[in-house]
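First residue of the sequence shown? That's 859 in our numbering, and the numbers climb one at a time after it.
The beta-carbon is built from N, C-alpha and C at its ideal position, and this holds for glycine as well.
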Amino acid sequence: KQWYQRRVAITAGDKISVFYKFDGDTKNNEDMIRTVNSHKDMIETAIKSPFSGAPPPENIIFSDEVEVKGCKFVLTICGDREAAPTQQWPTGRPTGKFLQVIFDGSSREVLLSPNGQNLTTHRLQNEVKAMFGLFGRTIQLSHNGDVVKLSASDLTHLDGGTVDVTVQ
């Protein structure tokens, strides 16, 4: 929870709930679901928030794909406030590969390898939703007129390119 608190600027006093959703029906997922169900009380005590497999409500603050022991799932943090506004690189853009993201006339730059991890389309969607306050809405990303498909592959090939965002 602390990593997410820093990432989305929530404080210990904020009322939040954490939701999870497993992708597919693999053996790893079955094991993880069984583990989550048997240790749910301990997890909620540790994160000091409700932890549920129900679909998240509309008040999404942050959502991210996570992998634990070969099991991929999405963690979503919901709360009673809007996503925190962000100030992009007040001292200048860090060096490295980047792409430009445009939504509704506003333009922002996104690093393609933040913290040494290559950006995937799922993470790019989360970054875009956080930057432009689009959580809870379905968005489409396109590059040179072609839809950017959701995948786990990195986007470093888009270095210096532009991605347009539309709300569906």
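Span separating the alpha-carbon of residue i from that of residue j
i: residue 921; j: residue 987; result: 9 angstroms
i: residue 908; j: residue 893; result: 16 angstroms
i: residue 900; j: residue 1011; result: 34 angstroms
i: residue 874; j: residue 1024; result: 28 angstroms
i: residue 928; j: residue 965; result: 36 angstroms
i: residue 979; j: residue 902; result: 30 angstroms
i: residue 1013; j: residue 911; result: 30 angstroms
i: residue 957; j: residue 977; result: 11 angstroms
i: residue 906; j: residue 898; result: 12 angstroms
i: residue 981; j: residue 923; result: 7 angstroms
i: residue 904; j: residue 1002; result: 45 angstroms
i: residue 950; j: residue 1016; result: 21 angstroms
i: residue 985; j: residue 998; result: 13 angstroms
Where the beta strand (DSSP E) containing residue i begins and where it ends
i: residue 931; result: 929-937
Endpoints, alpha helix (DSSP H) assigned at residue i
i: residue 902; result: 898-905
Identity of the residues DSSP links to residue i by a beta bridge
i: residue 985; result: For residue 985, which the question treats as bridged, DSSP gives no partner whatsoever.
i: residue 998; result: 1024
i: residue 978; result: 1012
i: residue 960; result: 965, 1022
i: residue 891; result: Answer is none; residue 891 lacks a bridge partner.
i: residue 875; result: 936
i: residue 910; result: 877
6 angstroms CB neighbourhood of residue i in its chain, flanking five on each side removed
i: residue 1009; result: 979
i: residue 914; result: 877, 934, 936
i: residue 995; result: 1025
i: residue 1053; result: Look at the range of the chain in this structure, 859 to 1026, and you will see that residue 1053 is not part of it.
i: residue 887; result: 880, 929
i: residue 890; result: 929
Per-residue DSSP class, three states only, for residue i
i: residue 1047; result: In the structure as shown, the chain begins at 859 and stops at 1026. Residue 1047 is therefore absent and cannot be evaluated.
i: residue 880; result: strand
i: residue 1005; result: strand
i: residue 990; result: helix
i: residue 973; result: helix
i: residue 955; result: coil
i: residue 917; result: coil
Beta-carbon proximity list for residue i, same chain, < 7 angstroms, skipping 5 on both sides
i: residue 918; result: 934, 936, 993, 994
Contacting residues, own chain, Cβ-Cβ under 8 angstroms from residue i (five flanking each side not counted)
i: residue 1005; result: 998, 999
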